[in-house]
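In numbering that gives the first Met the number 0, the protein residues as written are 0 to 469.
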Amino acid sequence: MKLNFFNTMGRSVQDFKTLEPGVAKLYCCGPTVYNYAHIGNLRAYLFDDILRRVLEYAGYKVDHVVNITDVGHLTDDNDEGEDKMVKSSRETGKSVWDIAEFYTEAFFKDIDSLNIIRPTVTPKATDHINEMIAMIKRLEEKGFTYEAGGNIYFNIDKSPDYGKLALRDRQDLHAGARIKVDSNKKNPHDFVLWFTRSKFEHQAMVWDSPWGRGYPGWHIECSAMSMKYLGEQFDIHCGGIDHISIHHTNEIAQSEAATGRKWVNYWMHNEFLIMNKGKMAKSSGNFLTLDSLADDGFSPLDYRYFTLGGHYRSQLQFSKESLSAAARARKNLFDKVIRLKGETNNTPSSIISQEGQIYIKNFQEHLSTDLNTPRVLGELWLMLKDVGLGSQDKLAIIYEFDKILGFNLENLEEVEAESLDSDILELIDSRNNARKEKNWEKADKMRDILLEKGIIIKDTPNGTEWTRNV
RNA sequence: GGCGCCGUACCCAAGUGGUAAGGGAGAGGUCUGCAAAACCUUCAUGCACCGGUUCGAAUCCGGUCGGCGCCUCCA
0 MKLNFFNTMG RSVQDFKTLE PGVAKLYCCG PTVYNYAHIG NLRAYLFDDI LRRVLEYAGY
60 KVDHVVNITD VGHLTDDNDE GEDKMVKSSR ETGKSVWDIA EFYTEAFFKD IDSLNIIRPT
120 VTPKATDHIN EMIAMIKRLE EKGFTYEAGG NIYFNIDKSP DYGKLALRDR QDLHAGARIK
180 VDSNKKNPHD FVLWFTRSKF EHQAMVWDSP WGRGYPGWHI ECSAMSMKYL GEQFDIHCGG
240 IDHISIHHTN EIAQSEAATG RKWVNYWMHN EFLIMNKGKM AKSSGNFLTL DSLADDGFSP
300 LDYRYFTLGG HYRSQLQFSK ESLSAAARAR KNLFDKVIRL KGETNNTPSS IISQEGQIYI
360 KNFQEHLSTD LNTPRVLGEL WLMLKDVGLG SQDKLAIIYE FDKILGFNLE NLEEVEAESL
420 DSDILELIDS RNNARKEKNW EKADKMRDIL LEKGIIIKDT PNGTEWTRNV
């Protein structure tokens, strides 16, 4: 299966070829673990998951690395801002290390509940300080750094093609548009590799280094850890669209300066989730977590379905209304799968018919054309409505699609008929007696009573069924 | 100030030169004592607006209006 992805480097859809045949090396920027991930953050990891699944579907062995940033960085846009980890620590009374551990666990819990396949490696920044120091030394030896005011800076004027990812000329850069430029910098866009003299007090995490006790700049961790786990060159680097101009630009500058050659072949960036006419952001309080969605009765898989309905490179409009639509669609899909399992005695076709193969072919085309998951969902519904297709074929095709969609439909089971309280069973019994007597008024009244107790009644030709009103 | 993206039905959202996918909601119907579920049918002569190119434009070009993002940590 041939894959084509939009590469931010070059801004075009390009054929995907790996450096090493059959192996795809993928690095995705991960979370800073000072707070819960909000659903906008999670959109990025859902995108990573689709990408990873498609690569595996296409036959690649995937080395998937996601960093855990447990070193704090700037909180916000004013000079009085403090380290995020320190801030969280102060507010909760826990140590920065406990904060990091707590939110790292929360992150894994979130991605597990979204059916995101765990990355092959999830390195923590604090476990790789030595690798970062080694890389800074390498840059220092090659003359890309300078020391000023106690900090070590990367000199972007030594990188001729600085800004190539962001498509910007140095001259166009308007530094300090919103913040004061660090007066230690030779070029306003130089960035810190190692801090020893932070303007922020109470830096809780510090390490010894050749330049003094301090802590690393933000960008260096991704360069150091990706190279450790994937090598000095690898295939794909992804992250949010906001990373293009600064973080990834700086990662490229320092990585290629260190090795003297091209670092990453494909750059893939996901767009933002938009809520209330603006991006979801922790700092503005304009954000929701998976848990807060659960409070409104949404399952994590509802959110997974929702994000699949939009293309990863388009902003996605979030609202309770749009999520409800996705939740409804997801439920309809699951119901349909359960019914198909019943009809086929849980036996999908081992060989899909000629007509069915068309859907598989379209499915693959949609994915190989820059991961068009909205079209995959469209294809799925067309297939399900196709009267010329047998149930066993449909089930087999669904399972094929689900390798990417990731709803774990093969293991989907009808909710076990839990034992009901005897008083509810009695109500159902007596309602059926009322129905036999054609006492509809009484029967309807009892149905209302059951509904109040959270039981939905369905009278089918095979008898009365009930489900819990979830 | 610089850079980038976007504007498609009630909502979400595909489609980037050949005559508007899909989902949700809504409407009508079959079935049912009624309901629910299921199934069927229906739902944009038009893609912000104005010009232009073309046999043909939601799609390309120019302009106008509106929205979002980045240039600061940030998915």
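All C-beta atoms, glycine included, are put in the ideal place defined by N, C-alpha and C.
Please read these numbers as outputs of a predicted model, since none were measured by experiment.
Of the other Cβ atoms in all chains shown, fewer than 16 fall within 10 Å of the Cβ of Q356; this residue is therefore exposed. Straight-line measurement puts the Cα of S222 at about 50 Å from the Cα of S390.
Taking C-beta atoms as the reference points, I151 and W217 fail to come closer than 8 Å.
Fewer than three beta-carbon pairs drawn from the segment 255-266 and the segment 31-40 are found closer than 8 Å, and the two stretches are therefore not classed as touching.
The alpha carbon of V191 has as its nearest neighbour, out of P373, P30 and A252, the alpha carbon of A252. Here K184 has Y152 as same chain residues with Cβ atoms under 7 Å from its own Cβ, once five neighbours each way along the sequence are excluded. A straight line joining the alpha-carbon of K227 with that of T144 spans about 21 Å.
When the Cα atoms are used, K16 and A395 turn out to be separated by approximately 30 Å.
With a beta-carbon spacing of about 23 Å, I243 and I135 fall beyond the 8 Å limit used to define contacts. Secondary structure at L192: strand, using DSSP grouped into helix, strand and coil. Residue H127 holds the alpha-carbon nearest to the alpha-carbon of D207 among L339, I115, M274 and H127. Within the segment 255-328, complete alpha helix (DSSP H) segments of at least 4 residues are found at 289-294 and 299-307, given in chain order. Leaving aside the five residues that flank V375 on each side, the residues in its chain whose CB is nearer than 8 Å to its CB run, in chain order, L307, F362, H365, L366, F400, I403 and L404. Annotation: G238 to R329 spans about 27 Å, alpha carbon to alpha carbon. Inter-segment contact for the segment 11-31 and the segment 50-67 is present: three or more beta-carbon pairs are separated by less than 8 Å.
Closest option to K123, judged by alpha-carbon separation, among E451, V65 and L166: V65. Contact annotation: F233 and L50 have beta-carbon atoms that are not nearer than 8 Å. Put simply, the segment 296-312 does not touch the segment 340-347. Fewer than three CB pairs are less than 8 Å apart. Distances from the alpha-carbon of I397 to those of I359, D420, N371 and S421 put I359 closest. Annotated as distal: I423 and T463, with beta-carbon spacing of 8 Å or more. Setting aside the 5 residues that flank it on each side, I132 is surrounded in the same chain by S208, each with a C-beta closer than 6 Å to its C-beta; the list follows chain order.
Within its own chain, the residues whose Cβ lies closer than 6 Å to the Cβ of H247, once the five positions on either side in sequence are excluded, are L164, listed in chain order.
Per DSSP, reduced to three states, the secondary structure at E436 is coil, with no helix or strand assignment. Distances from the alpha-carbon of L272 to those of Q314, I245 and P373 put Q314 closest.
When DSSP states are grouped into helix, strand and coil, K123 belongs to the strand group. For the options D62, D48 and K384, the alpha carbon positioned closest to that of I115 is the one of D48. DSSP, reduced to helix, strand and coil, places Q232 outside both helices and strands of the structure shown, so it counts as coil.
Pairing I245 with G142, the inter-Cα distance amounts to about 21 Å.
Using a 10 angstroms sphere on the CB of R338, the tally of other CB atoms stays under 16, which defines it as exposed. If only uninterrupted beta strand (DSSP E) runs of at least 3 residues are considered, those enclosed by the segment 9-40 are 11-14 and 22-27. Taken atom to atom, the span from the alpha-carbon of E440 to that of W465 is near 19 Å. Distance from the CA of Y59 to the CA of K1, rounded to the nearest whole angstrom, comes to 11 Å.
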